[in-house]
Each structure stands twice: as C-alpha cells, then as structure tokens.
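In what follows, a single structure is set out as structure tokens and then discussed.
Numbering (the numbering used here), first residue to last: 191 to 323.
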C-alpha cells in the first residue's frame with residue numbers, strides 16, 4: 191500500500207498503519223482523516239439541489255449526477271430516482287408512465303424527449319400548442 195501513496199497520505203499511512211482487515215475499513219479511516227467533517231452531508235445537499243438545466247443534454251446531466259453521487263454509494267434505484275426527480279418537469283411528465291424503469295431506459299426516454307423538443311422548436315410549436323389557432 192505505501193507505494194501507492196506519497197506526501198501527506200504516505201506520512202498518515204506510516205503513522206497510522208493499523209491492521210485494516212477490509213478495504214472498507216481502510217477507506218473509512220482515510221476519509222475520517224482527509225475529508226472535512228461534514229463532507230458527505232454537504233455532498234448530499236449538493237446532489238439534492240442539482241437540477242437539470244433546460245438546455246442541458248440529459249446525458250451530460252446524468253453523468254454529472256452519477257459522479258456527484260458516487261461517493262455517497264446510492265443504490266442503482268436511488269440513483270435513478272434522484273436523476274429522475276431533479277429532471278425538468280416536462281420530462282418527468284413525459285417519462286412518468288415509466289418512472290420505475292432502469293437508468294439506461296430513462297436515458298433512452300430522455301433522448302426521445304430531447305428529439306421531440308428539437309422537432310417542436312424547428313416546427314415553431316411549443317408544448318401544448320398545435321400551431322392551429
């Protein structure tokens with residue numbers, strides 16, 4: 191393990207070399223020392239506040255959310271729910287019948303939704319308007 195560390199991390203490892211029995215216990219000790227006390231609560235707050243932008247591609251939003259959530263070790267279901275719940279309302283309404291689908295299926299629905307939105311923009315129609323007055 192020491193060959194993977196340098197600087198402060200190496201000094202910490204040498205000074206605190208415990209017989210960690212699992213990788214999880216090592217990571218826990220490492221995080222206790224190196225991360226701010228409220229790191230995970232602030233990260234959770236950041237994930238909760240993060241909303242998909244109107245013009246932001248869903249795939250970019252999804253990857254950013256997955257990256258933010260990774261240290262929080264969410265289940266796949268909770269990860270999908272968080273991504274779905276922080277999406278724009280029009281997309282949630284579009285995807286509602288399948289809101290319990292997989293993340294891949296949600297991404298495919300988002301691609302379809304974004305394509306429909308582009309079609310609406312190019313045809314001059316907006317959500318709820320047919321172009322006939």
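Glycine residues also receive a C-beta, built at the ideal position from the N, C-alpha and C atoms.
Straight across, the Cα-Cα distance linking residue 214 with residue 207 is about 15 Å. Taking the Cα of residue 302 as reference, the smallest distance to any Cα among 314, 284, 290 is reached at 284. The beta carbon of residue 267 lies closer than 6 Å to none in the same chain, with the five residues before and after it left out. If you keep only unbroken alpha helix (DSSP H) runs of at least 4 residues inside the segment 265–314, you get 266–275, 279–285, 293–313. Ranked by how close their Cα comes to the Cα of residue 216, the residues 226, 202, 280 have 202 in first place. Exclusion of the five residues before and after residue 237 leaves 258, 259 as the residues of its chain whose Cβ lies within less than 6 Å of its Cβ. Separation of the CB atoms of residue 294 and residue 242 is rounded to 17 Å, and the pair is thereby denied contact status at 8 Å. Within the model, the alpha-carbon separation for residue 227 versus residue 305 is close to 44 Å. Counting of Cβ neighbours within 10 angstroms places residue 273 among the buried residues, the total reaching 16 or more. According to the DSSP assignment, residue 262 belongs to no alpha helix (DSSP H), since it is labelled neither H nor E.
Distance check between residue 222 and each of 298, 199, 252 places 199 closest, using alpha-carbon atoms only.
In summary, residue 269 is buried, with 16 or more beta-carbon neighbours lying within 10 Å of its beta-carbon over all protein chains present. The Cβ-Cβ distance between residue 297 and residue 264 does not fall below 8 Å. Apart from the 5 residues on each side of it in sequence, residue 244 sits with its Cβ closer than 7 Å to the Cβ of 278 in its chain, given in chain order.
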